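Data first, discussion second: the structure below is written as structure tokens.
Below is the structure:
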């Protein structure tokens with residue numbers, strides 16, 4: 052393992068952290084970056100395991116909220132509704148992800164052209180959504196009906212296609228179901244915890260015999276970089292979305308996907 056490998060792991064970790072909670076597809080970004088940098092990890096484990104840094108950022112940023120929910124869970128219907136909503140929304144990804152894991156990692160993760168196309172299509176969707184005049188019926192992410200969160204959970208499964216964006220699909224799904232922009236973004240943060248933790252644990256289990264000490268060092272470096280970057284994003288995204296909507300992220304996706312397709316055509 053060289054200094055160049057460590058630097059690539061650090062840069063990819065920063066990219067993961069900065070993009071994980073933005074509706075731009077962190078997985079699509081790091082897979083494309085890894086493709087053009089020539090960075091390879093066994094079974095794409097690195098790209099999944101460094102997401103633990105982003106998970107930790109959510110726990111730190113919302114620790115007081117989570118602690119309050121935990122303490123009041125036996126006595127507060129609102130806290131119980133929140134936990135139920137998150138668990139219900141997580142179920143579709145847990146079931147479909149387990150059955151489709153091999154296809155996702157061995158086929159979809161190895162298709163950079165597909166990632167670029169999905170980035171562009173997702174950008175167009177974000178631009179379209181920002182033009183809609185939707186009057187939100189739900190403004191509290193902790194008070195969403197379980198049936199609505201189940202629908203958001205199924206929509207989240209679209210993000211198993213790299214380039215779609217887990218946060219983007221859940222936020223857009225929430226908006227179309229009548230959730231306000233800030234509440235949809237916040238619910239996406241909360242739903243990330245079981246979804247990403249589940250993907251982390253499953254990938255770690257599936258590849259437990261393939262990981263080496265060098266892999267572990269690279270993952271730690273990427274994890275720390277992802278944590279720092281994700282913490283900065285989580286603390287600023289809600290305010291940014293409230294002021295500017297999703298149009299900037301739509302154009303960002305289209306630009307990255309377009310540049311990626313051109314680069315693939317030129318250099319493969």
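In our numbering, the protein residues as written are 52 to 319. Even glycine gets a Cβ: it sits at the ideal position worked out from N, Cα and C. All figures in this text were calculated on a predicted structure; none of them were measured in a lab.
Given a cut-off of 8 angstroms on the beta-carbon distance, is the pair residue i and residue j in contact?
i	j	result
residue 68	residue 252	no
residue 213	residue 103	no
residue 187	residue 230	yes
residue 232	residue 293	yes
residue 63	residue 280	no
residue 166	residue 79	yes
residue 129	residue 194	yes
residue 211	residue 151	yes
residue 315	residue 164	yes
In terms of residues, what are the limits of the alpha helix (DSSP H) holding residue i?
i	result
residue 247	232-257
residue 90	Per DSSP, residue 90 belongs to no alpha helix (DSSP H) and is neither H nor E.
residue 67	54-70
residue 184	Run containing residue 184: none; DSSP gives neither H nor E here.
residue 220	217-227
residue 129	128-157
residue 313	298-318
Within its chain, find whatever has a CB closer than 6 angstroms to the CB of residue i; leave out the 5 residues flanking it on each side and keep chain order.
i	result
residue 61	272 and 276
residue 222	74, 235, 236 and 239
residue 192	234, 237 and 238
residue 296	181
residue 305	171 and 174
Cutting at 8 angstroms between CB atoms, please list the residues of its own chain near residue i, excluding the five before and the five after it.
i	result
residue 207	140, 143, 144, 217, 220, 221, 224, 242 and 246
Going by beta carbon distance, what residues of the same chain come within less than 7 angstroms of residue i, once the five residues before and after it are set aside?
i	result
residue 254	96, 99 and 100
residue 135	197
Whole-angstrom Cβ separation of residue i and residue j, contact assumed at under 8 angstroms?
i	j	result
residue 199	residue 228	5 angstroms
residue 105	residue 59	Going by Cβ atoms, the distance from residue 105 to residue 59 rounds to 18 angstroms, so no, they are not a contact pair.
residue 168	residue 301	That belief does not hold up - the Cβ atoms of residue 168 and residue 301 are roughly 15 angstroms apart, past 8 angstroms.
residue 76	residue 215	6 angstroms
### Task
Say whether the segment 165-172 touches the segment 107-115, bearing in mind that this needs 3 or more beta-carbon pairs closer than 8 angstroms, one atom from each stretch.
no
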